[in-house]
Amino acid sequence: MVEKVITLDNVSLIDFLGVENHNIKEVAAAFPMSKIISRGNEIRIKGTTPEITRISDILDSLMEHYQKYGKITQENVQNYISHSGQPLGSNGGILPVLPDDDEVLVYGNRGVVVRARTDNQKRLVEAAEKYDLVFAIGPAGTGKTYTAVAIAVRALKNKEVKKIIITRPAVEAGENLGFLPGDLKEKIDPYLRPIYDALDDMIPAEKLKFYTENRIIEIAPLAYMRGRTLNNAFILLDEAQNTTPMQMKMFLTRMGPSSKAIITGDRSQIDLPNRQKSGLIESVEILKSIKEIAFVELDGRDVVRHRLVREIITAYEKAGQ
């Protein structure tokens, strides 16, 4: 008999293997002449070469399915088993069982399907595919941050980049960080909470923990970016209206080879001290003539929160606020 060991990296074992390894037991039951043992993050297969090849193809396809959809169900396992031995896809694996949807950015947790929901959100997705640097500017609730995070997560899952770096300036909306309780992380985390919330929707908890602990996904205040060159990364600068001109220039010059960046901001929510110019507003004026940079404007029509939010934004715009 031949033996092969498959190591499962960057996966939630319970989501992939199933409760009490039920998913792997399903595969083992379909190949009674072979022996499949799951221990920790290793799957050990013993059997004939043809059967090991078929089992490996099934596991590879299940892994591809997991990376895309974030979980494996018993029905998925049975579908892939029933398709084993059929014509192979372009990547050499079993043809996908589920239909693909080009508009889906990420298949997230708990059945969450993340896609661009408005015309301008779709323009943001298209711009990010075409350009290495994109500005997404619009009022609260237009989904610019959530969509940008989804674009970055998709790029990481598709192995287009090696890491995601998400940052925002720690400028207080009427509060002073120095007077808040806790250490620096505890003071900063509330400002980064919208980013964590978006990632929680899109990446299984165990996998997100692995990503953050191994710095595959970094979430940090903008000040931590100084002096770094960010290679092979998808970089998001959120709340960019609260950057100073020097901070914005510093961020823009962090991009390294094979990096992409999305800058999001809201002109109507500048929390900088009086008479301090916004780095976002200045950079748009300075860079607007560069053809390799995309600028996407979102407005009230893109609001995906409560229906009243759209009316509130419109009312404030009419009042010149």
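Last residue of the sequence shown: 321 (full-length UniProt numbering), numbering continuous. C-beta atoms are modelled at their ideal positions from N, C-alpha and C, and glycine is treated no differently.
Check	Outcome
Neighbourhood of Val284 by C-beta distance below 8 Å, restricted to the same chain and skipping five residues each side	Phe135, Ile137 and Phe295
CB-CB length for Ser38 against Asn21, believed under 8 Å	5 Å
CA nearest to the CA of Gln247, picked from Lys144, Thr314, Lys25 and Leu280	Leu280
Cutoff 7 Å; reference Lys4; Cβ partners in own chain excluding five residues on either side	Ile45, Ile52 and Ser56
Whole-angstrom distance between Lys144 and residue 324, CA atom to CA atom	Residue 324 is absent from the model: the chain starts at 1 and stops at 321.
Cβ-based burial, Arg254 [other Cβ within 10 Å; buried from 16]	buried
Beta-carbon spacing of Phe234, Leu133 below 8 Å	no
Exposure of residue 399, with buried meaning 16 or more beta-carbon neighbours within 10 Å	The structure shown does not extend to residue 399, since the chain is modelled only from 1 through 321, so no value can be given for it.
Buried or exposed by the 16-neighbour rule on C-beta atoms within 10 Å, applied to Asp15	buried
Backbone secondary structure at Arg123 - three-state DSSP	helix
8 Å contact criterion, which Ile270 and Ser278 should meet: CB distance rounded	5 Å
Through-space distance from Tyr66 to Glu239, alpha-carbon basis	32 Å
For Ile52: DSSP bridge partner residues	Answer by DSSP bridge pairing: none, since Ile52 is not bridged.
Beta-ladder partner(s) of Met255, from DSSP	Leu230
Beta-carbon gap between Pro245 and Thr167 smaller than 8 Å	no
Of the residues Asn109, Val161 and Pro139, the one placed nearest Glu129, counting alpha carbons only	Val161
Element boundaries [alpha helix (DSSP H), containing Val5]	First-last for Val5: Val2 to Thr7, but that is the beta strand (DSSP E), not the alpha helix (DSSP H).
Distance, Ile43 Cα to Gly256 Cα	38 Å
Rounded distance between the beta-carbons of Asp9 and Asn109, thought under 8 Å	With 8 Å as the limit, Asn109 and Asp9 do not qualify as a contact, their Cβ atoms being about 20 Å apart.
Backbone secondary structure at Val113 - three-state DSSP	strand
Where the alpha helix (DSSP H) through Phe210 begins and ends	Ala205 to Glu213
Nearest-angstrom beta carbon gap, Val153 and Ile203 [assumed within contact, 8 Å]	6 Å
Distance between Val106 and Val112 (C-alpha atoms, nearest Å)	8 Å
Residue range of the beta strand (DSSP E) that includes Ala261	Lys260 to Gly265
Alpha-carbon to alpha-carbon, Leu308 and Asn158	37 Å
Counted within 10 angstroms of its Cβ, other Cβ atoms place Tyr211 as buried (16 or more) or exposed	buried
Between the CA atoms of Thr229 and Ile58 - distance to the nearest angstrom	40 Å
Buried or exposed (CB count within 10 angstroms, at least 16 for buried), Pro50	exposed
Neighbourhood of Val77 by C-beta distance below 6 Å, restricted to the same chain and skipping five residues each side	Asn23 and Glu26
Distance between Val149 and Leu199 (C-alpha atoms, nearest Å)	7 Å
Sheet register partners of Phe31 (DSSP bridge)	Phe31 is not bridged to any residue.
Gly141 versus Val19: straight-line alpha-carbon distance, rounded	38 Å
Span separating the alpha-carbon of Ser289 from that of Ala116	27 Å
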